[in-house]
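Each residue of the sequence shown is one higher than the one before, counting from 61 in the numbering used here.
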Amino acid sequence: MVILLGVVCVLLAGVVVAFARDRARLQRLLADTQARMTQLESDLDAALRPPPPASSAERAMRRVIRTASKVRSHGITGLIQSTVEDLQTWASDDERADILNMAASDGTVTLFFSDIEDSTPLNDRLGDSTWVKVLAAHDRVLRTRIEQYRGQVVKTAGDGFMVAFRDAEAACRAALGIQRDLPRDLTLRRYGPIQVRIGIHTGQVVARDGDYFGRNVAMAARVANLALGGEILASDAVREALDDDAALALVEREAVELKGLAGEHVVWEIRPPVSG
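Shown next as structure tokens:
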């Protein structure tokens with residue numbers, strides 16, 4: 061009997077050792093796979109990253125193409141009228157110069173608003189000390205992607221960000237990267253889920269003292285207010301500003317009313333591109 065128990069113990073010990081060895085091997089394999097996925101995503105982001113600011117010749121050519129498109133769509137009278145209305149949104153030539161570094165070839169800026177969903181009750185639940193850690197991790201994730209896609213943080217307020225991009229696709233891709241990165245951050249996973257809502261709009265704005273004002277700023281903020289945690293919503297102006305081959309997918313929502321802005325507005329949900 062003693063011999064039998066000894067044999068059983070030896071066998072069990074062998075099984076435990078084999079299990080531990082296989083578990084360690086699987087953990088290494090999982091870690092390697094995750095590292096490869098992260099590298100592939102980084103390579104894809106780099107490949108799809110918006111190009112640097114266009115040369116003056118290229119900017120001029122884009123302006124000609126956009127102008128021709130407007131004339132074809134609205135006629136020369138409509139083009140002149142819209143241009144006059146657009147110019148009236150600028151306070152002065154000096155203030156316009158303040159944001160030329162973020163303006164696209166037609167003078168527009170893409171604005172990005174974000175905040176953490178239900179941040180006040182989340183702060184209350186976690187306590188101030190932990191909340192500071194969560195905010196630091198949240199800010200790190202956002203600023204990394206914003207910098208990658210050449211955005212400019214206009215201002216922050218608590219967990220809220222207002223960011224300017226010179227390119228609509230850059231803003232959308234930064235938003236997709238942020239939503240992908242947030243659940244992967246170790247700090248945010250520990251205290252989460254931390255859900256961020258994002259709204260994006262493209263248009264001309266008034267710049268003063270490093271800040272942005274005007275109807276299009278209000279539009280971007282209203283679009284962000286429509287989003288739920290984890291969502292990215294964009295105005296129809298963003299859709300129009302995107303190239304046909306933009307590396308993302310758009311899902312149309314029902315037209316909505318936006319507080320303080322007349323009429324109904326089409327809003328689109330931004331999603332990762334559908335793989336073939």
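Beta carbons: idealized from backbone N, C-alpha and C, even for Gly.
Asked, Found
"How would you call Gln255, buried or exposed, if buried means at least 16 neighbouring beta carbons within 10 angstroms?", "buried"
"Under 8 Å: do the segment 309-329 and the segment 202-220 share three or more Cβ pairs, one atom per stretch?", "no"
"Given Leu248, which residues of its chain have a CB within under 8 Å of its CB, disregarding the five upstream and five downstream residues?", "Val194, Ala197, His198, Val201, Leu242 and Ile254"
"Check whether the segment 265-283 and the segment 181-193 are in contact - that is, three or more C-beta pairs closer than 8 Å.", "no"
"Which residue's Cα is closest to the Cα of Ser189: Tyr251, Asp227 and Phe225?", "Tyr251"
"First and last residue of the alpha helix (DSSP H) that includes Val334?", "Looking at the DSSP string, Val334 is not in any alpha helix (DSSP H), and its letter there is neither H nor E."
"Suppose you measure from the CA of Val265 to the CA of Leu171; what does that come to, to the nearest Å?", "9 Å"
"Would the beta-carbon of Ala307 fall within 8 Å of that of Arg233?", "yes"
"Between the Cα of Ile330 and the Cα atoms of Asp245, Asp178 and Gln239, which residue gives the shortest distance?", "Gln239"
"Using only CA atoms, which one of Gly289, Thr262, Leu236 and Trp328 lies nearest to Ile176?", "Gly289"
"Secondary structure at Tyr272, three-state DSSP: helix, strand or coil?", "strand"
"Going by C-alpha to C-alpha distance, which of Ala231, Leu236 and Val192 sits closest to Asp219?", "Val192"
"According to the neighbour-count rule (16 or more other Cβ atoms, all chains shown, within 10 Å of its Cβ), is Leu293 buried or exposed?", "buried"
"Quick one: give me the first and last residue of the alpha helix (DSSP H) that Lys193 is part of.", "Asp188 to Gln208"
"Here's the rule: buried if 16 or more other CB atoms are within 10 angstroms of the residue's CB, otherwise exposed. What is Arg226?", "buried"
"With Arg383 and Trp328 assumed to form a contact (beta carbons below 8 Å), what rounded beta-carbon distance in angstroms separates them?", "Examination of residue 383 is not possible in this model, given that the chain is present from 61 through 336 alone."
"In or out: His134 buried (at least 16 other Cβ within 10 Å) or exposed?", "Confidence at His134 is low in this model, with a pLDDT of 42, below 50, so the placement of that residue should be treated as unreliable; the coordinate-derived value is given next. Per the 10 Å Cβ criterion, exposed."
"Decide if Arg257 is buried, meaning its Cβ has at least 16 other Cβ atoms within 10 Å, or exposed.", "buried"
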